[in-house]
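A.B. asks:
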Amino acid sequence: MIQLQDFNYIIPLLIITIGATVTLVIDAFSKNKNVVFWFTIVTVVAALSTAFIHIDIATIVFNNFIRINILSTTFQVLILTAILISVFSSKSYIEKEGINFGEYYSLMLFSVMGMILMVIGNDLLLVFLGLELMSICFYVLAGFMRKRIKSNESALKYFLLGAFMTGFLLYGIALMYGVLGTTNISTISSAGELIKTPTFLIGFGLFMVGFFFKLGVFPFQMWVPDVYEGAPTTITGMMSTAGKIAAVGVILPIVVSLASNITTFRPVFSVAAILTMLIGSVIALSQSNVKRLLAYSSIASAGYIMVGIASMNDWALKGIIFYLVAYVFMQLGAFIIISILEQNSSDTNEFKNLELNNYKGLAKENPVLAIFFTIFLFSLAGIPPFAGFWGKYYIFYAAIQANLIWLSIVGILISVVSVYYYLKLIVYMWFMDSDNTEYSQDVYRVSPLTNFAVSLTIVGTLFFGLFPEVFFNLFKV
Amino acid sequence: MSNFFYLVVLMPLIGFFINGLFGKKINNEKISGWLSSICILIPFIISAGTFFELLSMSPESRTIHQVYFSWIATGDLGINYAYLIDPLSISLVLVITGIGFLIHLYSIGYMHGDKGFAKYFAFLNLFVFAMLNLVLGDNLLLIFLGWEGVGLCSYLLIGFWYEKKFTGDAAKKAFIVNRIGDFGFMIAMFLIFANFGTLEISAFLSQISGIQINDGLLIAISLLLFLGACGKSAQIPLYVWLPDAMAGPTPVSALIHAATMVTAGIYLLARTSILYALAPFTTHIVLIVGLLTALMAATIALKQNDIKKILAYSTVSQLGFMFVAIGNFAFTIAVFHLITHAFFKALLFLGSGSVIHGMHEEQDITKMGGLKNKMKITFVTFFIGSLALAGIPPLSGFFSKDEIMYLTFITSGPAYYIITLIAAACTAFYIFRLIGLTFYGKPRYDEAHLHPHESPSLMTIPLIILAVLSAIGGFIGLPHWLGHSMLGDWLAPVFSGAMSILSTYQPEHQTSVALELGLVAVSVIVATTMIVISFKKFSKQTTFEEPTGFGKVLENKYYVDEIYDKTIVEPIQKTSDKILWKIFDIKIIDGFINGVANYISRLSFDWRKIQTGVIQDYTTLSVAGIVILLIYLIFR
Numbered sequence: 016m017i018q019l020q021d022f023n024y025i026i027p028l029l030i031i032t033i034g035a036t037v038t039l040v041i042d043a044f045s046k047n048k049n050v051v052f053w054f055t056i057v058t059v060v061a062a063l064s065t066a067f068i069h070i071d072i073a074t075i076v077f078n079n080f081i082r083i084n085i086l087s088t089t090f091q092v093l094i095l096t097a098i099l100i101s102v103f104s105s106k107s108y109i110e111k112e113g114i115n116f117g118e119y120y121s122l123m124l125f126s127v128m129g130m131i132l133m134v135i136g137n138d139l140l141l142v143f144l145g146l147e148l149m150s151i152c153f154y155v156l157a158g159f160m161r162k163r164i165k166s167n168e169s170a171l172k173y174f175l176l177g178a179f180m181t182g183f184l185l186y187g188i189a190l191m192y193g194v195l196g197t198t199n200i201s202t203i204s205s206a207g208e209l210i211k212t213p214t215f216l217i218g219f220g221l222f223m224v225g226f227f228f229k230l231g232v233f234p235f236q237m238w239v240p241d242v243y244e245g246a247p248t249t250i251t252g253m254m255s256t257a258g259k260i261a262a263v264g265v266i267l268p269i270v271v272s273l274a275s276n277i278t279t280f281r282p283v284f285s286v287a288a289i290l291t292m293l294i295g296s297v298i299a300l301s302q303s304n305v306k307r308l309l310a311y312s313s314i315a316s317a318g319y320i321m322v323g324i325a326s327m328n329d330w331a332l333k334g335i336i337f338y339l340v341a342y343v344f345m346q347l348g349a350f351i352i353i354s355i356l357e358q359n360s361s362d363t364n365e366f367k368n369l370e371l372n373n374y375k376g377l378a379k380e381n382p383v384l385a386i387f388f389t390i391f392l393f394s395l396a397g398i399p400p401f402a403g404f405w406g407k408y409y410i411f412y413a414a415i416q417a418n419l420i421w422l423s424i425v426g427i428l429i430s431v432v433s434v435y436y437y438l439k440l441i442v443y444m445w446f447m448d449s450d451n452t453e454y455s456q457d458v459y460r461v462s463p464l465t466n467f468a469v470s471l472t473i474v475g476t477l478f479f480g481l482f483p484e485v486f487f488n489l490f491k492v
Numbered sequence: 038m039s040n041f042f043y044l045v046v047l048m049p050l051i052g053f054f055i056n057g058l059f060g061k062k063i064n065n066e067k068i069s070g071w072l073s074s075i076c077i078l079i080p081f082i083i084s085a086g087t088f089f090e091l092l093s094m095s096p097e098s099r100t101i102h103q104v105y106f107s108w109i110a111t112g113d114l115g116i117n118y119a120y121l122i123d124p125l126s127i128s129l130v131l132v133i134t135g136i137g138f139l140i141h142l143y144s145i146g147y148m149h150g151d152k153g154f155a156k157y158f159a160f161l162n163l164f165v166f167a168m169l170n171l172v173l174g175d176n177l178l179l180i181f182l183g184w185e186g187v188g189l190c191s192y193l194l195i196g197f198w199y200e201k202k203f204t205g206d207a208a209k210k211a212f213i214v215n216r217i218g219d220f221g222f223m224i225a226m227f228l229i230f231a232n233f234g235t236l237e238i239s240a241f242l243s244q245i246s247g248i249q250i251n252d253g254l255l256i257a258i259s260l261l262l263f264l265g266a267c268g269k270s271a272q273i274p275l276y277v278w279l280p281d282a283m284a285g286p287t288p289v290s291a292l293i294h295a296a297t298m299v300t301a302g303i304y305l306l307a308r309t310s311i312l313y314a315l316a317p318f319t320t321h322i323v324l325i326v327g328l329l330t331a332l333m334a335a336t337i338a339l340k341q342n343d344i345k346k347i348l349a350y351s352t353v354s355q356l357g358f359m360f361v362a363i364g365n366f367a368f369t370i371a372v373f374h375l376i377t378h379a380f381f382k383a384l385l386f387l388g389s390g391s392v393i394h395g396m397h398e399e400q401d402i403t404k405m406g407g408l409k410n411k412m413k414i415t416f417v418t419f420f421i422g423s424l425a426l427a428g429i430p431p432l433s434g435f436f437s438k439d440e441i442m443y444l445t446f447i448t449s450g451p452a453y454y455i456i457t458l459i460a461a462a463c464t465a466f467y468i469f470r471l472i473g474l475t476f477y478g479k480p481r482y483d484e485a486h487l488h489p490h491e492s493p494s495l496m497t498i499p500l501i502i503l504a505v506l507s508a509i510g511g512f513i514g515l516p517h518w519l520g521h522s523m524l525g526d527w528l529a530p531v532f533s534g535a536m537s538i539l540s541t542y543q544p545e546h547q548t549s550v551a552l553e554l555g556l557v558a559v560s561v562i563v564a565t566t567m568i569v570i571s572f573k574k575f576s577k578q579t580t581f582e583e584p585t586g587f588g589k590v591l592e593n594k595y596y597v598d599e600i601y602d603k604t605i606v607e608p609i610q611k612t613s614d615k616i617l618w619k620i621f622d623i624k625i626i627d628g629f630i631n632g633v634a635n636y637i638s639r640l641s642f643d644w645r646k647i648q649t650g651v652i653q654d655y656t657t658l659s660v661a662g663i664v665i666l667l668i669y670l671i672f673r
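Just so you know, the protein sequences line up as chains A and B, in that order. Sequential numbering from 16 applies to the first sequence in this note's numbering. Sequential numbering from 38 applies to the second sequence in this note's numbering.
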């Protein structure tokens, strides 16, 4: 029986749903794009603040379809934070790029709807529904710069591969249903010995593959550089943070709750982790485009998350969640700065100002942006006292606790490689002179809203770097 | 008031951020200066309130432990961001914020017109923030955070006028020498964590209470902590940075290099008093180091001509006195001297700043003279401060210094006492040499071009307040033959643990009022004689000759800097240049690293080719991955 009070637990979802629909309507009737923007902000802020209401509650509602507990709340808060920062940074970017259409915001909100469904869903079908809702919005958003060939390429590749991989995901769900006769996640978690049957394990493996694709885990990472490069930069930032959080939000609780029955998968996850870290870090070395470079770096981060997944213990839960907290701030911050420096071009085929060479001498021309970017890169490289350090630290700690000492040693060695390309960017910014005279000065005129978004990310990166435990004081994972 | 105690630490941090981030935009000296002064005044008021709150409790329960949040929690290491408010820490907080506020006010006048005005106040606020963390932290890591923080601010402020090469060099010297001490601190922390599994001081101290006297581990830990203290508090052999640190702005010398930061070492030893009571071996070393430093620095000060250098060596010498007190297990007296010294030495530094300000950046006292009538307030306050330093009753320095000398006599014996007496005699001599040359006699500067003038009231008011404190500050710790030591009662609960350990192995010392009065008389007579001789000689001196013989050795500070250069700095530079750099680094390390790096970048160029951009290839790779997974799952 669905009871009326059940709706209490999904207030953030309801707010986002209503907001997404209303923005479409507003956009149809109002010429003023600011209205849509501010309405979106109000919607996300309202959802974010109501997400905290049930922070101490663990319950299952809507006929076992919705699971509310500290994990789902944490993931919701993280997703909404990432979206809030993305929305703030979007306005001036889409104005600059000439894609200031109201659907942009409502598609964002619809994708959030999908993400929230994924992390609170207690049924594989609901999770699948959320995943598809999110993905379809992402396909459209990736191709939002419809006059640009790269953006179109990005959307098409993402869509084709996404549709292809969805088939495996669904097949996996079907096999699991075939064994257990249910798609309910709580029931699956407590199924015991049945989980060890080969059919179920194959189903589970295919299910995981579907999410590994979304995370960009080797060998399903091929789409990442192409899609991240072609999509609008603010959307890239959102996909790589909120999208990943939602995917992790589905598989992490399942893996941890099944841990003792799926030890077969530990070598699989470990090998995938190493190859993902290695491919991401090594190929990033030879990239000359900043967006592609960060795309490879985000593949490497997926590898670190996989180290946590392979550990399958409570420390991994904590470690991955903290890594995601840091990731929201440092990754979004980096992409926002790229979006600030990116230039509108009359030539519709090319993005401009995204090559490493364009970053030469940035420190002289705009020291504040250069300092911020440097902090984000240091944090991504995992250098203290920034948040990214603790993320990696907790994850490798989890691996050591799970007796995967060799995995953490390999991981740490690979992350040394990754320091190289982050530092390379920093060297370009600080120690090279600009050889680029075609800039117009107003590239560096940053709008106050974008400024606000960058400030949020820098504060987050520094604050959680200095006081890592504060997060867990609030979210008692 | 303790409910708002977090503001005590937060306000200076906020001041730092405002001045640091927006100082240039505000571009207004009044706003920047007053804002950061208020960010110190409010903490002072709150900590005064907290002080009275503690006072209203019963003596044994005067401890407030405030845990703000869990800072780092991983494995066995759990560290809270927590403050321990007890009589010892609150006393120091009052000194830091009280004197800190006066020095902030003074700085508004002193730094007027400097192009780094806002930056200066930002650093000053950051310093106070770090210093408060140092004295309030309930665990060694938080203390270490403050410890490094004050070191950083000291570095930044010594090198504040970085356009001049020698200020930059002085800043680097301070930083590097302090690193040696910090190294000791860190190793001590590691030892404590490895052996006792905690970094919280009270937990650590209660765990060691049962261990026997002079246990090897405790000696190691206490020696390493003392090495840290030697760095921060400028003791032999690490004192060399402090005199050079005078390159910074004078109020900085007053705040950081006289009143607060340099006493951090004393605080650290007092905070871990139980450890030192359990390791009398180390404490004896503390005593000897303190004695030698006190004597050596006081003799060097006799022959210096730079007004700030004299005061710097005087500070080193007085810090030596404080370590002598700790060496005699007289923790209360060490803190007492710390407080009175903070009053009169801050006063003397600020007074010298006022002189330098009035003389348009002249620091050589042989080029001064006759300033008495031109700078009346500065002169009177400086004179009071000097009397306090020389130990003339009833000024503050008299009570604390004589107590140290008396305790040295009864605890360690007459031989040690004589050394302190010589150091005290030198102290009286050099400070009145300074007074005679600066304020008396005929002007030795170019009167046609230089017109010394009194400083603005923003600078003189702090001088007057500090002069009053230097005059009456000693009454908080009256010796028992005269009355009752309020400070002694106040701090007694903090040191009761150490005292009870001490009573188990140290015989009760025979105290006698007659002996004490006799020693007081001796030291007062010696000090007065020295003052008179020095004053007579230097108030009329007009010509200056190059000193010869031992005087030359003193003028050159026993050639310690030169010896360090020859024996430590140069060999290190040579080894690192000839062997470590040219052979080890370039050939071995670089060869290896470059080889690996080249290999990986070649790998990168090969691997990037898998990214063909063709979607069929992408799907092929994905399917291959899935097939391998299925094969593994079926045939495992």
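Yeah, the Cβ is synthetic: ideal placement off N, Cα and C, and Gly gets one too. Keep in mind that this is a model prediction, so the values were computed, not measured.
State the CB to CB distance for the pair A/Ile85 and A/Lys491, rounded to an integer number of angstroms; the pair is presumed to be in contact (CB under 8 Å).
C.D. replies: 6 Å
A.B. asks: Could you check what DSSP says for B/Asn342 in three-state terms: helix, strand or coil?
C.D. replies: coil
A.B. asks: Roughly how far, in whole angstroms, is the beta-carbon of A/Cys152 from the beta-carbon of A/Leu175, given that I think they are within contact range, below 8 Å?
C.D. replies: The C-beta separation of A/Cys152 from A/Leu175 comes to about 17 Å, leaving the pair out of contact by the 8 Å criterion.
A.B. asks: Find the nearest neighbour of B/Glu440 within the set B/Glu484, B/Asn365, B/Ala508, B/Leu503, judged by alpha-carbon distance.
C.D. replies: B/Asn365
A.B. asks: Give me the chain B residues within the contact set of A/Asp241, using Cβ-Cβ distance strictly less than 7 Å, ordered along the chain.
C.D. replies: Simply Gly650.
A.B. asks: Within 9 Å (strictly less), CB to CB, does B/Ala634 reach chain A?
C.D. replies: By this cut-off, B/Ala634 is an interface position.
A.B. asks: Counting only Cβ-Cβ distances shorter than 7 Å, please list the residues of the region 611-640 of chain B near chain C, keeping chain order.
C.D. replies: In the structure shown, chain C cannot be found, because the protein chains are A and B.
A.B. asks: Within the continuous alpha helix (DSSP H) that includes B/Tyr118, where are the two ends?
C.D. replies: Counting along the chain, B/Tyr118 falls outside any alpha helix (DSSP H), though it belongs to the beta strand (DSSP E) covering 114-122.
A.B. asks: Does the beta-carbon distance from B/Ala331 to B/Ile238 come in below 9 Å?
C.D. replies: no
A.B. asks: Buried or exposed for A/Lys211, please, with buried defined as at least 16 other CB atoms from any protein chain shown within 10 angstroms of its CB.
C.D. replies: exposed
A.B. asks: For the beta strand (DSSP E) containing B/His102, list its first residue and its last residue.
C.D. replies: Run containing B/His102: 101-111, per the beta strand (DSSP E) assignment.
A.B. asks: Count Cβ pairs between the region 44-55 of chain B and the region 65-78 of chain B that sit closer than 8 Å; are there 3 or more?
C.D. replies: Three or more beta-carbon pairs drawn from the region 44-55 of chain B and the region 65-78 of chain B are found closer than 8 Å, and the two stretches are therefore classed as touching.
A.B. asks: Please confirm if A/Leu369 has its CB atom under 9 Å from at least one CB of chain B.
C.D. replies: no
A.B. asks: Would you call B/His294 buried or exposed, if buried means 16 or more other Cβ atoms sit within 10 Å of its Cβ?
C.D. replies: buried
A.B. asks: On a Cα-Cα basis, can you pick out the residue from A/Val434, A/Val431, A/Leu440 that is closest to A/Phe388?
C.D. replies: A/Leu440
A.B. asks: Measure how close the beta-carbons of A/Leu267 and A/Ile324 come, nearest whole angstrom, since I'm counting them as under 8 Å.
C.D. replies: A/Leu267 to A/Ile324, Cβ: 7 Å. Contact.
A.B. asks: Is B/Asp654 close to chain A? Criterion is C-beta to C-beta, closer than 9 Å.
C.D. replies: Residue-level contact by beta carbon holds for B/Asp654 and chain A, with a gap shorter than 9 Å.
A.B. asks: Would you kindly check if the distance between the Cβ of B/Thr464 and the Cβ of B/Leu506 is under 9 Å?
C.D. replies: no
A.B. asks: Less than 9 Å between the C-beta atoms of A/Gly475 and A/Phe344, yes or no?
C.D. replies: Going by C-beta atoms, A/Gly475 is nearer than 9 Å to A/Phe344.
A.B. asks: Kindly list, in the order they appear in chain A, the residues whose Cβ is closer than 7 Å to that of B/Tyr669.
C.D. replies: Val283
A.B. asks: Would B/Ser659 count as contacting chain A if we go by Cβ distances under 9 Å?
C.D. replies: yes
A.B. asks: Just how far apart, CA to CA, sit B/Ala208 and B/Asp281?
C.D. replies: 8 Å
A.B. asks: Taking the alpha-carbon positions, what's the B/Ile370 to B/Leu519 distance?
C.D. replies: 16 Å
A.B. asks: By alpha-carbon positions, which one of B/Ile468, B/Leu125, B/Gln244 ends up nearest to B/Thr100?
C.D. replies: B/Leu125
A.B. asks: Relative to the C-alpha of A/Lys333, which candidate in A/Gly182, A/Phe90, A/Ile131, A/Ile250 has its C-alpha closest?
C.D. replies: A/Phe90
A.B. asks: Under 9 Å, Cβ to Cβ, is there at least one residue of chain B near A/Ala299?
C.D. replies: yes
A.B. asks: Just checking: is the beta-carbon of A/Val434 within a distance shorter than 9 Å of some beta-carbon in chain B?
C.D. replies: no
A.B. asks: What does DSSP give as the partner residues of A/Ile75 in its beta bridges?
C.D. replies: A/Arg82
A.B. asks: Would the region 398-415 of chain A count as touching the region 310-328 of chain A if we require 3 or more Cβ pairs under 8 Å?
C.D. replies: yes
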